[in-house]
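Single-structure report; data block below.
Protein chains: 2
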Amino acid sequence: MKNTIVGQSGGPTSVINSSLAGVFEAAKSRGSEHVYGMCNGIQGFLEDRYVDLVEIFTKPIDIELLKRTPSSYLGSCRYKLPDINDDGAKELYEKIFAKLDSMNIGYFFYIGGNDSMDTINKLAAYGAGKGSDIRFIGVPKTIDNDLTVTDHTPGYGSAAKYIGVVMKEIIRDATVYGTKYVTVVEIMGRNAGWLTAAAALAKGWDCEGVDMICLPEVPFNVERFVEKVRKMQEKKSSIVIAVSEGVKLEDGRYVCELSDDVHAVDAFGHKSLTGTARFLANTIAKQLDTKTRCIELSTLQRCAGHLTSRTDITEAYQVGGAAVKAAFEGCTGEMVALKRISNAPYQCTTELHPISEIANLEKKVPLEWISEDHTQMKQEFIDYAYPLIQAELTPMFVGGLPQHISL
Amino acid sequence: MKNTIVGQSGGPTSVINSSLAGVFEAAKSRGSEHVYGMCNGIQGFLEDRYVDLVEIFTKPIDIELLKRTPSSYLGSCRYKLPDINDDGAKELYEKIFAKLDSMNIGYFFYIGGNDSMDTINKLAAYGAGKGSDIRFIGVPKTIDNDLTVTDHTPGYGSAAKYIGVVMKEIIRDATVYGTKYVTVVEIMGRNAGWLTAAAALAKGWDCEGVDMICLPEVPFNVERFVEKVRKMQEKKSSIVIAVSEGVKLEDGRYVCELSDDVHAVDAFGHKSLTGTARFLANTIAKQLDTKTRCIELSTLQRCAGHLTSRTDITEAYQVGGAAVKAAFEGCTGEMVALKRISNAPYQCTTELHPISEIANLEKKVPLEWISEDHTQMKQEFIDYAYPLIQAELTPMFVGGLPQHISL
Numbered sequence: 064m065k066n067t068i069v070g071q072s073g074g075p076t077s078v079i080n081s082s083l084a085g086v087f088e089a090a091k092s093r094g095s096e097h098v099y100g101m102c103n104g105i106q107g108f109l110e111d112r113y114v115d116l117v118e119i120f121t122k123p124i125d126i127e128l129l130k131r132t133p134s135s136y137l138g139s140c141r142y143k144l145p146d147i148n149d150d151g152a153k154e155l156y157e158k159i160f161a162k163l164d165s166m167n168i169g170y171f172f173y174i175g176g177n178d179s180m181d182t183i184n185k186l187a188a189y190g191a192g193k194g195s196d197i198r199f200i201g202v203p204k205t206i207d208n209d210l211t212v213t214d215h216t217p218g219y220g221s222a223a224k225y226i227g228v229v230m231k232e233i234i235r236d237a238t239v240y241g242t243k244y245v246t247v248v249e250i251m252g253r254n255a256g257w258l259t260a261a262a263a264l265a266k267g268w269d270c271e272g273v274d275m276i277c278l279p280e281v282p283f284n285v286e287r288f289v290e291k292v293r294k295m296q297e298k299k300s301s302i303v304i305a306v307s308e309g310v311k312l313e314d315g316r317y318v319c320e321l322s323d324d325v326h327a328v329d330a331f332g333h334k335s336l337t338g339t340a341r342f343l344a345n346t347i348a349k350q351l352d353t354k355t356r357c358i359e360l361s362t363l364q365r366c367a368g369h370l371t372s373r374t375d376i377t378e379a380y381q382v383g384g385a386a387v388k389a390a391f392e393g394c395t396g397e398m399v400a401l402k403r404i405s406n407a408p409y410q411c412t413t414e415l416h417p418i419s420e421i422a423n424l425e426k427k428v429p430l431e432w433i434s435e436d437h438t439q440m441k442q443e444f445i446d447y448a449y450p451l452i453q454a455e456l457t458p459m460f461v462g463g464l465p466q467h468i469s470l
Numbered sequence: 064m065k066n067t068i069v070g071q072s073g074g075p076t077s078v079i080n081s082s083l084a085g086v087f088e089a090a091k092s093r094g095s096e097h098v099y100g101m102c103n104g105i106q107g108f109l110e111d112r113y114v115d116l117v118e119i120f121t122k123p124i125d126i127e128l129l130k131r132t133p134s135s136y137l138g139s140c141r142y143k144l145p146d147i148n149d150d151g152a153k154e155l156y157e158k159i160f161a162k163l164d165s166m167n168i169g170y171f172f173y174i175g176g177n178d179s180m181d182t183i184n185k186l187a188a189y190g191a192g193k194g195s196d197i198r199f200i201g202v203p204k205t206i207d208n209d210l211t212v213t214d215h216t217p218g219y220g221s222a223a224k225y226i227g228v229v230m231k232e233i234i235r236d237a238t239v240y241g242t243k244y245v246t247v248v249e250i251m252g253r254n255a256g257w258l259t260a261a262a263a264l265a266k267g268w269d270c271e272g273v274d275m276i277c278l279p280e281v282p283f284n285v286e287r288f289v290e291k292v293r294k295m296q297e298k299k300s301s302i303v304i305a306v307s308e309g310v311k312l313e314d315g316r317y318v319c320e321l322s323d324d325v326h327a328v329d330a331f332g333h334k335s336l337t338g339t340a341r342f343l344a345n346t347i348a349k350q351l352d353t354k355t356r357c358i359e360l361s362t363l364q365r366c367a368g369h370l371t372s373r374t375d376i377t378e379a380y381q382v383g384g385a386a387v388k389a390a391f392e393g394c395t396g397e398m399v400a401l402k403r404i405s406n407a408p409y410q411c412t413t414e415l416h417p418i419s420e421i422a423n424l425e426k427k428v429p430l431e432w433i434s435e436d437h438t439q440m441k442q443e444f445i446d447y448a449y450p451l452i453q454a455e456l457t458p459m460f461v462g463g464l465p466q467h468i469s470l
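Quick look at the structure:
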């Protein structure tokens with residue numbers, strides 16, 4: 064029986080470790096003697112940093128703690144494998160496959176988002192080219208929900224729930240004085256507005272909801288935005304706005320580039336986006352003479368392990384298990400996707416898709432789910448997102464704080 | 064039987080409505096036919112905006128939802144009553160007392176922090192001067208924990224718990240790549256560092272804790288701070304720092320004044336503080352050539368009703384009830400305080416203190432609870448804060464979100 068190896072890559076989520084739990088338990092139950100975990104993904108693996116999870120997770124409570132531990136248990140990386148035809152690439156790929164063979168690996172799982180699927184895609188293609196029998200399967204994960212093919216990504220439901228919950232709380236906080244007040248909340252999402260759209264979930268019988276939602280799918284115009292706020296404030300004093308960090312002007316520049324923050328660029332060429340809400344709050348304060356506040360949800364929205372969606376946790380575990388099933392049954396170069404069967408009652412299953420269909424593509428919020436005036440989400444989005452935030456997984460509180468498990 | 068009136072004032076907390084529940088239930092059970100709630104505190108009351116809570120809270124679940132609803136249910140204000148000897152002040156006070164008499168008010172409760180106790184102090188003094196038999200009692204509330212006389216303030220425990228929990232999650236998120244990274248987290252607290260100190264609670268067997276804690280009690284030196292970070296980063300790559308929004312330079316200026324943010328001033332003359340973490344993160348990025356991130360916990364730390372301390376909720380309810388008991392037994396011009404009897408097992412009771420001892424004074428973190436190098440809290444602080452964050456009050460989730468009650 065061949066061994067299994069699994070890695071985590073890309074940005075943290077609250078449920079990425081549930082997928083790790085799913086891979087681990089499924090691989091172990093199918094007979095893998097060793098289930099190795101790469102430390103810091105493929106980058107750490109190249110430096111011989113890995114552990115045997117079979118030796119670490121010995122008690123059932125370890126798995127329960129793992130499911131409640133946010134951010135990647137094994138550590139992560141943002142390492143981009145070179146194109147197979149690049150200079151020196153062959154050496155690197157040969158090194159990886161030699162290491163995998165020396166560890167008697169038969170099954171390779173990578174839990175991650177777009178960039179991580181690119182890694183799986185390249186490894187599977189290289190393996191196929193050289194006739195390797197190692198199976199490479201991608202396990203989807205990203206709060207951004209921007210992977211194609213899959214109905215949604217594990218990680219999104221919990222982030223969406225967190226955003227819905229804190230928007231309710233922020234709205235309540237912001238209305239307390241009854242005075243003129245504009246709150247601009249900045250939410251993650253570089254090109255896809257799924258997370259920002261989740262602010263719409265705050266609305267209910269006990270909350271009037273956010274007043275405006277600005278997604279990167281719609282070109283942003285600062286003047287029109289300020290004018291909308293001015294009109295809204297004629298009718299109510301406290302205005303709460305959810306804005307994506309990735310909103311762009313019609314000329315393609317990010318709105319945050321109008322601010323004076325430093326914008327670094329990462330290994331995948333992505334600009335660091337920050338300062339959108341601050342820029343907009345300052346602009347409103349100057350032009351409308353009203354008190355403003357900007358709130359960046361920052362990393363809290365992706366690592367709030369104390370507030371997860373049980374639906375999301377369960378699905379994250381399931382995609383891990385389904386990946387193992389696929390690999391052990393002979394599949395390779397595929398990603399596990401979630402396929403929604405029905406909304407009410409919510410039913411969802413898993414299926415496989417060739418990873419080449421997925422890597423480096425982005426799924427955006429359909430324009431027809433955004434209201435005509437570009438300020439709210441339509442019911443279609445609510446129907447889509449609502450099932451994903453249902454139910455809770457109670458943290459294990461010890462001494463007043465949720466307990467985690469660490470490597 | 065005389066009627067009761069209650070108001071909420073100052074900044075929101077997660078548990079201020081538990082004190083409202085305590086006042087309401089105690090006053091009703093002692094026979095008040097009407098328990099009026101001022102909308103937006105004394106300011107709304109002056110505009111005849113109030114409700115009868117007896118007509119509103121008719122079912123037991125209303126009270127349970129109230130306890131789980133963050134931010135002031137009745138709305139708040141930042142209204143400063145004039146000094147009794149100021150021009151025109153007599154007219155205003157006479158107006159207030161005439162309204163109270165016309166409503167047959169015998170008991171007046173104000174739930175708030177320092178500035179709110181100033182209001183109670185002035186009303187009680189004016190009432191005493193004119194021989195009014197209305198009893199005025201202050202109910203303490205502030206996440207800042209800066210009221211004198213009381214061991215701690217309701218609201219602090221939940222905010223401290225929130226800070227402990229999210230710092231654990233932020234630390235976990237920030238270490239995921241294993242790369243050089245400095246995270247500066249800005250926490251509320253103008254002059255007292257109680258909230259920032261709560262970051263120390265994150266440390267445990269499953270978390271190595273924050274690397275530096277900067278309180279406003281200790282003069283801040285930007286150069287020394289950067290040098291400390293540089294030294295820390297020689298030993299570990301991810302550094303997480305908790306810094307109070309109120310840290311001040313030796314010359315008395317706030318560190319955030321070194322940034323380019325707008326700093327408005329409120330009715331009590333308090334400058335709006337923001338941008339401390341951003342300024343420090345940018346300074347570190349420039350001087351140490353390392354990746355940085357700033358996170359402002361912003362209003363989330365005071366309105367996170369989804370994550371409260373049950374100890375805090377219970378005590379908030381108790382101080383409300385104790386205020387009613389005191390007033391109905393004839394006390395006036397006093398504030399209910401919490402008196403700690405023992406740490407382990409934690410035992411705490413209530414007592415009364417003349418409000419004139421409390422109003423406009425601030426209780427700071429004792430310097431002897433801060434480590435010699437000004438980077439960590441000593442065990443004395445942990446022993447003090449630990450009991451206050453214990454146990455949880457489970458939110459009532461409906462449709463995936465905690466339910467609130469609204470006026």
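So the protein sequences, as listed, match chains A and B. Take the first sequence: its letters are residues 64 to 470, numbered as in our numbering. Take the second sequence: its letters are residues 64 to 470, numbered as in our numbering. C-beta atoms are modelled at their ideal positions from N, C-alpha and C, and glycine is treated no differently.
By the DSSP assignment, the beta strand (DSSP E) with residue i in it spans what residues?
i, result
"residue 71 of chain B", "66-71"
"residue 100 of chain A", "98-101"
"residue 113 of chain A", "113-115"
Return helix, strand or coil for residue i, following the three-state DSSP convention.
i, result
"residue 339 of chain A", "helix"
"residue 376 of chain A", "helix"
"residue 244 of chain B", "strand"
"residue 135 of chain B", "coil"
"residue 422 of chain A", "coil"
"residue 281 of chain B", "coil"
"residue 300 of chain A", "coil"
"residue 212 of chain B", "coil"
"residue 433 of chain B", "strand"
"residue 109 of chain B", "helix"
"residue 275 of chain B", "strand"
"residue 444 of chain B", "helix"
From the DSSP output, which residues share a beta bridge with residue i?
i, result
"residue 412 of chain A", "A:402"
"residue 354 of chain A", "A:244"
"residue 249 of chain A", "A:306, A:359"
"residue 172 of chain B", "B:69, B:200"
Measure the C-alpha to C-alpha separation of residue i and residue j and round it to an integer number of angstroms.
i, j, result
"residue 212 of chain B", "residue 244 of chain B", "41 Å"
"residue 341 of chain A", "residue 304 of chain A", "12 Å"
"residue 300 of chain A", "residue 242 of chain A", "6 Å"
"residue 149 of chain A", "residue 95 of chain A", "34 Å"
"residue 175 of chain A", "residue 321 of chain B", "40 Å"
"residue 465 of chain A", "residue 92 of chain B", "37 Å"
"residue 461 of chain B", "residue 262 of chain B", "31 Å"
"residue 246 of chain B", "residue 357 of chain B", "6 Å"
"residue 65 of chain B", "residue 198 of chain B", "11 Å"
"residue 280 of chain A", "residue 311 of chain B", "42 Å"
"residue 316 of chain B", "residue 258 of chain B", "20 Å"
"residue 74 of chain A", "residue 134 of chain A", "8 Å"
"residue 234 of chain A", "residue 424 of chain A", "35 Å"
What is the C-beta distance between residue i and residue j, in whole angstroms, given that I count them as a contact (C-beta under 8 Å)?
i, j, result
"residue 368 of chain B", "residue 458 of chain B", "7 Å"
"residue 78 of chain A", "residue 375 of chain A", "5 Å"
"residue 202 of chain A", "residue 383 of chain A", "6 Å"
"residue 16 of chain A", "residue 291 of chain A", "Because chain A is modelled from 64 through 470, residue 16 of chain A falls outside the range shown and cannot be assessed."
What residue range does the alpha helix (DSSP H) around residue i cover?
i, result
"residue 183 of chain A", "177-193"
"residue 125 of chain A", "123-130"
"residue 235 of chain A", "219-237"
"residue 263 of chain A", "Careful: residue 263 of chain A lies outside any alpha helix (DSSP H) and carries neither H nor E."
"residue 90 of chain B", "79-92"
"residue 164 of chain A", "152-165"
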